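Single-structure report; data block below.
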Amino acid sequence: MKLDQLIASGPVVTDGAWGTQLQTLGLSGGACPDEWNLSHPDLVAEVPRRYVEAGSQIVLTNTFRANRIALTSYDLADRAAEINRLGVEISRRAVGDRAHVFASMGPTGKMLLAGEVSEDELRTVFAEQAQTLADAGADALVIETMAELEEAELAVAAARQTGLPVVACVVFDSGAEHDRTMMGVPPEQAAARLTAAGADVVGANCGQGIAGYVDICRRMRTATSRPLWIKANAGLPEVVDGEVVYRTTPAQFAAHVPALVAAGAQFIGGCCGTSPAYIAAVGKEIRK
Amino acid sequence: MPDLQELGEAIKRGDRDQSAMLTNAAIAAKVPAQEILDVMVAAMDVVGQRFQKNEIFVPEMLIAARAMKESLALLEPLLVDAGITPIAKAVIGTVEGDLHDIGKNLVAMMWKGANFDVIDLGTNVSPQKFVDAVRDNNAQLVGLSALLTTTMPAIKATVAALKAAGLDTAKVVIGGAPVTQEYADEVGADGYAPDAASAVNVARALL
Numbered sequence: 063m064k065l066d067q068l069i070a071s072g073p074v075v076t077d078g079a080w081g082t083q084l085q086t087l088g089l090s091g092g093a094c095p096d097e098w099n100l101s102h103p104d105l106v107a108e109v110p111r112r113y114v115e116a117g118s119q120i121v122l123t124n125t126f127r128a129n130r131i132a133l134t135s136y137d138l139a140d141r142a143a144e145i146n147r148l149g150v151e152i153s154r155r156a157v158g159d160r161a162h163v164f165a166s167m168g169p170t171g172k173m174l175l176a177g178e179v180s181e182d183e184l185r186t187v188f189a190e191q192a193q194t195l196a197d198a199g200a201d202a203l204v205i206e207t208m209a210e211l212e213e214a215e216l217a218v219a220a221a222r223q224t225g226l227p228v229v230a231c232v233v234f235d236s237g238a239e240h241d242r243t244m245m246g247v248p249p250e251q252a253a254a255r256l257t258a259a260g261a262d263v264v265g266a267n268c269g270q271g272i273a274g275y276v277d278i279c280r281r282m283r284t285a286t287s288r289p290l291w292i293k294a295n296a297g298l299p300e301v302v303d304g305e306v307v308y309r310t311t312p313a314q315f316a317a318h319v320p321a322l323v324a325a326g327a328q329f330i331g332g333c334c335g336t337s338p339a340y341i342a343a344v345g346k347e348i349r350k
Numbered sequence: 450m451p452d453l454q455e456l457g458e459a460i461k462r463g464d465r466d467q468s469a470m471l472t473n474a475a476i477a478a479k480v481p482a483q484e485i486l487d488v489m490v491a492a493m494d495v496v497g498q499r500f501q502k503n504e505i506f507v508p509e510m511l512i513a514a515r516a517m518k519e520s521l522a523l524l525e526p527l528l529v530d531a532g533i534t535p536i537a538k539a540v541i542g543t544v545e546g547d548l549h550d551i552g553k554n555l556v557a558m559m560w561k562g563a564n565f566d567v568i569d570l571g572t573n574v575s576p577q578k579f580v581d582a583v584r585d586n587n588a589q590l591v592g593l594s595a596l597l598t599t600t601m602p603a604i605k606a607t608v609a610a611l612k613a614a615g616l617d618t619a620k621v622v623i624g625g626a627p628v629t630q631e632y633a634d635e636v637g638a639d640g641y642a643p644d645a646a647s648a649v650n651v652a653r654a655l656l
């Protein structure tokens, strides 16, 4: 798969949230979503199947937490290889040749800066996960939802060893303007450093709604020539009568897509709270 | 006379070597332990304020807290001798079903920086474990963290368990990405902290 061919005909529609979708399929709070690759493969397959029907040209995999460190918290470290392999196979089987399968790699949940994990440990677990995902036939690897740029850089380096295209995204959710990572890194610096680390696509996901990502995307555009990938939340979660709701509607979400495209985004999808309805609305807006 | 103001500045910029050196100098010059402690706590307060104003971010807060922690360890024997105890005993943890610990760790760090005695129960802590720890340690303060919307209900269950166990004299402060003041009010928590620096102010106001 060639990335430049993929984006040659305009912005590419990626997929929406997985965690909140799996919850609608019965995943209980606190359970490990990635474990469902072992216990509920048919329900997991529903997620990419629905996204492809909604127009996703790229779907991810249910492997966000499937690095050995994150899985250790769930007592699943010894199932890491299996969970990653099945994650790719489930998405692939669900979408066939109707969409590309980009495999998801999330953070370990340990802070490098606080000494909770070492660089070597990060290199090892990301290399292991990346290779398993590649061997299982992923078309590309997506490093996402990273709060610490250094962890993202180590993951990029590990993912590159597979020879697959690598997408690298950080979360912007801090600072007065919500234009910094948790560690205070602005968009320009994140884009430049992820590019220098060797990412083929750089971007941002999660942390806030789509409106704020327009300017972040524009600022990343000034600092890299790589294609940009943006997956915003459906707003921020609110609790209403004990239920968690995301207030942004698919139409409101999609209304920001032209501005996001103008700001330079070439891969557009959604993160927490988004569903196939949001992806359908994004696709409709792009094809206008 | 050792320069206590310099000690405060060293902590604020996270210069652990300098802050340790200045702490030792102050101790050698027989500056009262309480006075040294006050300077350290005041420095961390400034760090917390800067964080809340978005002038600094987690990395700067982390290195300041690390410098504070090392200086506080040097001061510890003198505090014990002088009968100066932490201002509160706090039990903190991430609620049942939730394995995220970064936010909780930051709050624990800032509470320690404010001279609270912090007992960290880790992640995925059951309501019963909170109840036992609060009772066994006679804690005045409880910190509950949840990062996931799906695990947030465990905050409610924990608050209820503490009340049911007759431990409602311990003040409960809650926080985490999906948590709001409205939610705190709804579940009967005593306070809500939107970030680690606020957690210090909220806790102090409750004690």
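Taken in order, these protein sequences are the chains called A and B.
Going by my numbering, the first residue of the first sequence is number 63, and it counts up by one from there.
Going by my numbering, the first residue of the second sequence is number 450, and it counts up by one from there.
Idealized CB from N, CA, C, for every residue including glycine.
Please read these numbers as outputs of a predicted model, since none were measured by experiment.
Legend entry - Within chain A, the residues that aspartate 466 of chain B reaches when beta carbons sit closer than 7 Å: Those do not exist, as aspartate 466 of chain B stays about 17 Å from chain A at its closest Cβ, beyond 7 Å.
Inset, instruction - Could you check what DSSP says for proline 451 of chain B in three-state terms: helix, strand or coil? - result: coil
Legend entry - Nonlocal neighbours in the same chain, by C-beta distance under 7 Å from histidine 318 of chain A, ignoring five residues either side: Ile272, Ala273 and Val276
Legend entry - Beta-bridge partners of tryptophan 291 of chain A, as assigned by DSSP: A:Gly265 and A:Phe329
Inset, instruction - Check the Cβ of valine 306 of chain A against every Cβ in chain B and list those closer than 9 Å, keeping chain order. - result: Thr598, Thr599, Met601 and Pro627
Inset, instruction - Report yes if the C-beta of alanine 459 of chain B is less than 7 Å from at least one heavy atom of the ligand SAM; otherwise report no. - result: Ligands in the displayed structure: none, and consequently the ligand SAM is not present.
Legend entry - Burial state of asparagine 554 of chain B (16 or more Cβ within 10 Å): buried
Inset, instruction - Let me know if aspartate 140 of chain A comes out buried or exposed under the rule of 16 or more other beta-carbons within 10 Å of its beta-carbon. - result: exposed
Inset, instruction - Under 9 Å between beta-carbons, which chain B residues line up against leucine 175 of chain A? List them in chain order, please. - result: Val507, Pro508, Leu511 and Ile512
Inset, instruction - Give a yes or no on whether the minimum CB-CB distance between aspartate 641 of chain B and chain A is below 8 Å. - result: The residue you asked about is not aspartate; residue 641 of chain B is tyrosine in the sequence shown. It does not: the Cβ of tyrosine 641 of chain B has no partner Cβ on chain A nearer than 8 Å.
Inset, instruction - Take the Cβ of glycine 332 of chain A as the centre, count every other Cβ of all protein chains shown within 10 Å, and call the residue buried at 16 or more, exposed below. - result: buried
Inset, instruction - For chain B, find out if any of its Cβ atoms is closer than 8 Å to the Cβ of proline 85 of chain A; answer yes or no. - result: The question names proline, but residue 85 of chain A in the sequence shown is glutamine. For glutamine 85 of chain A, the answer is yes, since a Cβ of chain B falls inside 8 Å of its Cβ.
Legend entry - Three-state class that DSSP yields for leucine 521 of chain B in the structure shown: helix
Legend entry - C-beta neighbour in chain B for methionine 245 of chain A, strict 8 Å: yes
Legend entry - Sequence ranges, beta strand (DSSP E) only - wholly within the region 596 to 640 of chain B, length at least 3: 620 to 624
Inset, instruction - Check whether the Cβ atoms of valine 229 of chain A and alanine 261 of chain A lie closer than 8 Å to each other. - result: yes
Legend entry - Interface residues of chain B facing serine 236 of chain A [CB-CB closer than 7 Å]: Phe506
Inset, instruction - Look at the Cβ atom of alanine 165 of chain A, then the Cβ atom of leucine 211 of chain A, and state whether they are nearer than 8 Å. - result: no
Inset, instruction - Step through the CB atoms of chain B and report whether any lies within less than 8 Å of the CB of serine 135 of chain A. - result: yes
Inset, instruction - Check the DSSP bridge columns for aspartate 569 of chain B and list the partner residues they point to. - result: B:Ile541
Legend entry - Residues near arginine 111 of chain A by beta carbon distance below 6 Å, same chain, minus five either side: Ala156
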